[in-house]
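Numbering (our numbering), first residue to last: 215 to 451.
Heads up, the beta-carbon is just placed ideally off N, CA and C, and yes, glycines get one too.
Here the structure is a predicted model, which is why all the values come from computation and not from measurement.
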Amino acid sequence: MRYLALASDYDGTLAQDGRVDAETVRALERLRASGRKLILVTGRELDDLFGVFPDIGQCDWVVAENGALLYQPATRTVKALAEAPPEAFVLRLRERGVGPISVGRSIVATWEPHQSVVMDTIRELGLPLQVIFNKGAVMVLPAGINKVTGLAAALRELSLSAESVVGVGDAENDYPFLASCGFSVAVANALPSVKAGVDLVTPLDHGAGVCQLIEELIADDLARRRGPRVGGGQPGE
């Protein structure tokens with residue numbers, strides 16, 4: 215096999231309206247039965263993910279908080295990849311009326327249009343933080359932490375190279391990790407900017423598109439899709 219793992223985003227990719235349907239779960243089971251690994255790469259906090267994805271045990275590793283946290287379902291091992299958010303930063307955001315705010319082990323998340331206040335507060339406090347956008351979500355993380363670095367950490371645990379990974383996603387925070395994979399895929403509902411830079415766009419959206427990808431991956435290891443990466447993948451071609 216050339217492609218030994220699938221790295222997938224959660225919301226808008228595996229999941230629709232926050233949930234993964236039964237057909238998609240069965241496809242994930244078939245993927246793992248083929249001998250391939252499954253890595254979930256999500257901006258969600260881990261506790262939140264537990265509440266919406268009861269089949270998280272299908273994953274070999276979970277990259278949560280947009281790259282700041284690793285979780286291994288089989289052993290329930292949690293590995294922090296970044297520092298906790300500064301309390302002064304969260305307090306100052308609340309003082310300035312930013313809300314709702316979600317605070318994870320490393321991530322601080324809110325929604326547009328609070329991005330200006332968030333960035334002003336980072337500058338005001340002189341913090342080494344970055345802002346990452348995801349379809350209206352505003353995520354704050356330590357500088358240098360993202361889905362690429364989180365996926366790289368998971369691949370080290372699996373002793374795999376990024377070239378042996380197929381990545382699939384839908385949003386702007388997914389594109390960097392997709393570009394790092396050996397083969398990149400966007401589901402049909404992905405943002406146009408993401409579709410423009412991947413190797414393949416699935417004909418179907420959300421989990422149904424991931425199911426299509428998995429079936430083709432199992433059938434021929436994406437043999438007919440291989441070739442120089444030129445961007446602008448076309449649906450089904």
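{"Item": "Find the nearest neighbour of Leu-343 within the set Trp-275, Ser-378, Pro-406 and Phe-303, judged by alpha-carbon distance.", "Value": "Phe-303"}
{"Item": "Taking buried to mean at least 16 other C-beta atoms within 10 Å of its own C-beta, is Gln-448 buried or exposed?", "Value": "Because the pLDDT at Gln-448 is just 41, under 50, the model does not fix this residue reliably, and the point stays unresolved."}
{"Item": "Does Ile-270 come within less than 8 Å of chain C when only Cβ atoms are used?", "Value": "The structure shown contains no chain C; it is built from a single protein chain."}
{"Item": "Could you give the first and the last residue of the continuous alpha helix (DSSP H) run that contains Ala-437?", "Value": "Note, Ala-437: premise wrong, no alpha helix (DSSP H); not H, not E."}
{"Item": "Candidates Arg-308, Leu-284 and Phe-397: which alpha carbon is nearest Ala-368's?", "Value": "Leu-284"}
{"Item": "Taking only the alpha-carbon atoms, compute the straight-line gap between Val-317 and Glu-371 and give it to the nearest angstrom.", "Value": "26 Å"}
{"Item": "Taking 8 Å as the cut-off, does the stretch 396 to 416 touch the stretch 323 to 341 (at least 3 CB pairs, one atom from each stretch)?", "Value": "no"}
{"Item": "Along the chain, which unbroken stretches of the alpha helix (DSSP H) at least 4 residues long are found entirely within the stretch 377 to 412?", "Value": "389 to 394 and 406 to 409"}
{"Item": "Hey, Asp-388 and Lys-361 are a contact pair by Cβ (cut 8 Å); roughly how many whole angstroms apart?", "Value": "7 Å"}
{"Item": "Around the C-beta of Leu-392, are 16 or more other C-beta atoms found within 10 angstroms, so that it is buried, or is it exposed?", "Value": "buried"}
{"Item": "Near Ser-398, which residues of its chain fall below 7 Å by C-beta distance, leaving aside the five closest residues on each side in sequence?", "Value": "Gly-381, Leu-392, Val-412 and Asp-413"}
{"Item": "Where does Leu-418 sit, in a helix, a strand or coil, going by DSSP?", "Value": "coil"}
{"Item": "Taking 8 Å as the threshold (C-beta atoms), are Ala-278 and Ser-378 in contact?", "Value": "no"}
{"Item": "If you measure between the beta carbons of Ser-320 and Ala-357, is that distance less than 8 Å?", "Value": "no"}
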